[in-house]
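Numbering (my numbering), first residue to last: 601 to 660.
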């Protein structure tokens, strides 16, 4: 039952499938987060030099 007193939707009754994994793209490792088969984001893993980050912000 929903808060309004009616039956809950079938979609709300099923649980979402959440997965994560590690991928390598161009020598960089990343953490991939997915929900129900949809890739939500890829977070870079590892250490990067501060000067490397500064150079990327200038390359717009």
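In this text, a Cβ means the ideal position worked out from N, Cα and C, and glycines have one as well.
Check whether residue i and residue j have beta carbons under 8 Å apart
i           : j           : result
residue 664 : residue 647 : Residue 664 is absent from the model: the chain starts at 601 and stops at 660.
residue 644 : residue 624 : no
Nearest to residue i (by Cα), restricted to the options the options
i           : options       : result
residue 616 : 636, 643, 644 : 636
Length of the line joining the Cα atoms of residue i and residue j
i           : j           : result
residue 618 : residue 630 : 17 Å
residue 642 : residue 614 : 25 Å
residue 634 : residue 626 : 21 Å
Proximity test, Cβ basis, 8 Å: residue i and chain B
i           : result
residue 631 : Included in the structure is just one protein chain, with no chain B present.
Buried or exposed (CB count within 10 angstroms, at least 16 for buried), residue i
i           : result
residue 620 : exposed
Those residues which DSSP pairs with residue i across a bridge
i           : result
residue 617 : Residue 617 pairs with nothing; no bridge assigned.
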